[in-house]
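Here the protein sequences line up with chains A and B, keeping their order.
Numbering-wise (numbering that gives the first Met the number 0), the first sequence opens with residue 0 and increments by one.
Numbering-wise (numbering that gives the first Met the number 0), the second sequence opens with residue 0 and increments by one.
This report refers to the structure that appears directly beneath it.
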Amino acid sequence: MASDDIWILGIAMTKFGKHSDKDIVDLGSEAAIAALADAGVTMADIGILAAGNLMGAGAGFGQQLQKQIGQTGIPVYNVANACATGATALRTAIMAVKSGEVRMGLAVGAEKLSGAGLLGGGGVSKKDGNKFEPRGRFGSVLPTDGRIGTDTMPGTFAQVGMEYGHKYGGVSFELFAKISEKNHAHSVLNPMAAYQKRFTLDEIMNDMMIAYPNTRPMCSANCDGAAAAVVTSGEVLRTLSKEQQRRAIKVSASVLTTDPYEEACQILPDVNTLTRNAAKIAYEQAGVSPSDLDLVELHDCFATAELVHYDNLMLCPEGGAVDFFMSGATWRDGSMPVNVSGGLESKGHPIAATGIANIWEVCHHLRNEAGDRQIKDAKVGLAHVIGLGSACGIHILERSGL
Amino acid sequence: MAKQIPHVDYLELGDKPHLVANECTSCGARFFDRRNACAKCFKNDFKKVAISTDGILKSFTIVAFAAPGVPVPFVAGIIDCGGTSVRGNVVNTEPSPEKVTLGMKLRLTTFGIGTDEEGTEAIGFGFEPA
Numbered sequence: 000m001a002s003d004d005i006w007i008l009g010i011a012m013t014k015f016g017k018h019s020d021k022d023i024v025d026l027g028s029e030a031a032i033a034a035l036a037d038a039g040v041t042m043a044d045i046g047i048l049a050a051g052n053l054m055g056a057g058a059g060f061g062q063q064l065q066k067q068i069g070q071t072g073i074p075v076y077n078v079a080n081a082c083a084t085g086a087t088a089l090r091t092a093i094m095a096v097k098s099g100e101v102r103m104g105l106a107v108g109a110e111k112l113s114g115a116g117l118l119g120g121g122g123v124s125k126k127d128g129n130k131f132e133p134r135g136r137f138g139s140v141l142p143t144d145g146r147i148g149t150d151t152m153p154g155t156f157a158q159v160g161m162e163y164g165h166k167y168g169g170v171s172f173e174l175f176a177k178i179s180e181k182n183h184a185h186s187v188l189n190p191m192a193a194y195q196k197r198f199t200l201d202e203i204m205n206d207m208m209i210a211y212p213n214t215r216p217m218c219s220a221n222c223d224g225a226a227a228a229v230v231t232s233g234e235v236l237r238t239l240s241k242e243q244q245r246r247a248i249k250v251s252a253s254v255l256t257t258d259p260y261e262e263a264c265q266i267l268p269d270v271n272t273l274t275r276n277a278a279k280i281a282y283e284q285a286g287v288s289p290s291d292l293d294l295v296e297l298h299d300c301f302a303t304a305e306l307v308h309y310d311n312l313m314l315c316p317e318g319g320a321v322d323f324f325m326s327g328a329t330w331r332d333g334s335m336p337v338n339v340s341g342g343l344e345s346k347g348h349p350i351a352a353t354g355i356a357n358i359w360e361v362c363h364h365l366r367n368e369a370g371d372r373q374i375k376d377a378k379v380g381l382a383h384v385i386g387l388g389s390a391c392g393i394h395i396l397e398r399s400g401l
Numbered sequence: 000m001a002k003q004i005p006h007v008d009y010l011e012l013g014d015k016p017h018l019v020a021n022e023c024t025s026c027g028a029r030f031f032d033r034r035n036a037c038a039k040c041f042k043n044d045f046k047k048v049a050i051s052t053d054g055i056l057k058s059f060t061i062v063a064f065a066a067p068g069v070p071v072p073f074v075a076g077i078i079d080c081g082g083t084s085v086r087g088n089v090v091n092t093e094p095s096p097e098k099v100t101l102g103m104k105l106r107l108t109t110f111g112i113g114t115d116e117e118g119t120e121a122i123g124f125g126f127e128p129a
């Protein structure tokens, strides 16, 4: 029957990094099998599979996965929603459980992005000498990337961060680099991170510039990886073992938004309004406020993005993200630990896996199983992803208290 | 004079080159691309409006690493032209954080960006310090 009482019964992620010997089905299977084992259930218990993969979208990733880990004939939703793919897959499984149509759902996100290089940008270049013909929605006779702004991800998100500075009294290259310094420092404690290397501020600022002010370490790391989660209703959970009930994590909020119309939203992607909207809905659904959060895993696809999301997620007063960061609040020993996993900048960003992997990080702390990097007494956490186009996924998670 | 063609169809050439937007006749939302409807109010009636050639820089990045064939470095920016945001490059100034600053005054400028086999010159636009 329909239920608002949703729980993560099991969740897992693979180590992120370069896995040359594994394809996305290997990675997805590894995460899915581990999530099922963590949940104490098998594919026979699963009523729906939501399978997320961005780069291979359309190739039936879900079915390929079933053919490796269990062909039970259940409905498969192959999901793609830019960088919010993982959260979208989880949302899909949650909606099926919420509706009462299934008892348990499995969401998987997997991506191979190692060596992918620069994302965004390029476009078909015209050979010199051909007759100029206006093409496309802008009637262009030559490619626009590089001539009229930039389509690259580092450049787009650099502008997102700089725009915040213009709006709220300035922001410096050094400040953004310090955000990156924090995340790389955090990663040292995370064995699941693709990179576990501490960088000094000087090293970050003097590294290769990609799109000012984003240098290479300030960009999310392209790598391979997968994550998966099993979700179920409270009604089903109460029929399971005490141990399963104790380790289950409550999904207090599960929200997906897209970008509503705002002036300039089709000129520079507006990653702010949809995040703020999703956050408002999530805090209301969960009945918590930002100050209740013990840890946050947000979408630092670039150091410049993390800054604006402090504001968008209402972790600080509107316009106050710079002061908030400078106070030290978002370091692991601060009042609002952000990206203790190392964030996308060091943990890595295998796109479809990220939305479930950051939820795994939060769950890991809520279950008190995070070892060296455990945020003490973590009870409530928030996970946020956003993909350009755009789509934003926010989940608020709480420990069972059992 | 050889024939000229604008880089994009929303650049109008002539004595005073300027950008042109599709403005929704119902809600005033402005768009630079071919429209199927208004993304703000869903109506489907537009008129062409000229965009101010003066603006201020409300965001930018200096792209150092781009796709093959795209010369770097270049300054990609968002320019507020009298209330309408425009995507464009900041040109005719050194592409450095010392020379390019948030809030700087800019104006539209045009320049040749290539010639085709019939001798037609493509004209592109950018924004230069005012």
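Virtual Cβ for every residue (Gly too), placed ideally from N, Cα, C.
Any idea if residue 420/A is buried or exposed, counting beta-carbon neighbours within 10 angstroms, 16 or more meaning buried? This structure gives no information on residue 420/A, because the portion of chain A shown stretches from 0 to 401.
Ordered along the chain, which non-local residues of its own chain (more than five positions away) have a Cβ less than 7 Å from that of residue 75/B? 59, 60, 62, 88
Suppose the cutoff is 8 Å on Cβ atoms and the five residues either side in sequence are ignored; what does the same chain contact list for residue 200/A look like? 173, 176, 177, 180
Is there at least one Cβ from chain A nearer than 7 Å to residue 53/B's Cβ? no
Chain-ordered residues of the region 90 to 103 of chain B with a beta carbon less than 7 Å from chain A: 96, 101, 102
What residue ranges within the region 122 to 183 of chain A form continuous alpha helix (DSSP H) runs of no fewer than 4 residues, ordered along the chain? 152 to 166
According to the neighbour-count rule (16 or more other Cβ atoms, all chains shown, within 10 Å of its Cβ), is residue 97/B buried or exposed? exposed
So, does the CB of residue 130/A fall closer than 7 Å to a CB anywhere in chain B? yes
Just to check my reading of the structure: residue 82/A and residue 384/A have Cβ atoms closer than 8 Å, yes? What is that Cβ distance to the nearest angstrom? 6 Å
Going along chain B, which residues have a C-beta under 9 Å from residue 248/A? None at all; the shortest Cβ gap to chain B is about 38 Å.
Is there a C-beta anywhere in chain A that falls below 7 Å from the one on residue 39/B? yes
One question on the structure: do residue 7/A and residue 254/A come within less than 7 Å of each other, judged by their Cβ atoms? no
Endpoints, the alpha helix (DSSP H) within which residue 359/A is located: 350 to 365
Between the alpha carbons of residue 390/A and residue 155/A, how many angstroms are there, rounded? 16 Å
Contact under 7 Å by Cβ, residue 99/A with residue 1/A: yes
Determine the extent of the alpha helix (DSSP H) in which residue 94/A is found, giving its start and end residues. 84 to 97
Residue 67/A classed as buried or exposed, judged by whether at least 16 other C-beta atoms fall within 10 angstroms: exposed
Using the three-state DSSP reduction, which class does residue 59/B fall into: helix, strand or coil? strand
Are the CB atoms of residue 32/A and residue 362/A nearer to each other than 7 Å? no
Roughly how many angstroms separate the alpha carbons of residue 35/B and residue 11/B, rounded to a whole number? 22 Å
Cβ-based burial, residue 121/B [other Cβ within 10 Å; buried from 16]: buried
What is the DSSP secondary structure of residue 128/B, counted as helix, strand or coil? strand
Consult DSSP for residue 71/B and reduce its assignment to one of helix, strand or coil. coil
State whether the region 294 to 304 of chain A contacts the region 338 to 350 of chain A, with contact taken as three or more CB pairs (one from each stretch) at a distance under 8 Å. yes
Mark residue 127/A as exposed unless 16 or more other C-beta atoms lie within 10 angstroms of its C-beta, in which case mark it buried. Bear in mind that a pLDDT of 49 at residue 127/A, under 50, signals an unreliable position, so the model cannot answer this.
Does DSSP put residue 34/B in a helix, in a strand, or in coil? coil
Is the Cβ of residue 17/B closer than 7 Å to any Cβ of chain A? no
In chain order, what residues of the region 258 to 274 of chain A put their CB closer than 7 Å to some CB of chain B? 260, 262, 263, 265, 266, 267
DSSP-derived helix/strand/coil call for residue 54/A: coil
Pop quiz: residue 66/B and residue 144/A are said to be a contact at Cβ under 8 Å. What is the actual Cβ separation, rounded to whole angstroms? 7 Å
With C-beta atoms as the reference, is residue 138/A less than 7 Å away from residue 7/B? yes
Alpha carbon of residue 152/A to alpha carbon of residue 119/A, nearest angstrom: 6 Å
Closer than 7 Å to chain B by CB, residue 68/A: no
Any chance the region 160 to 170 of chain A sits against the region 23 to 30 of chain B, with 3 or more Cβ pairs inside 8 Å? no
Output needed for residue 15/B: all residues of its chain with C-beta closer than 6 Å, excluding positions within five of it in sequence on either side, in chain order. none
Residue 134/A: buried (16+ other C-beta within 10 angstroms of its C-beta) or exposed? exposed
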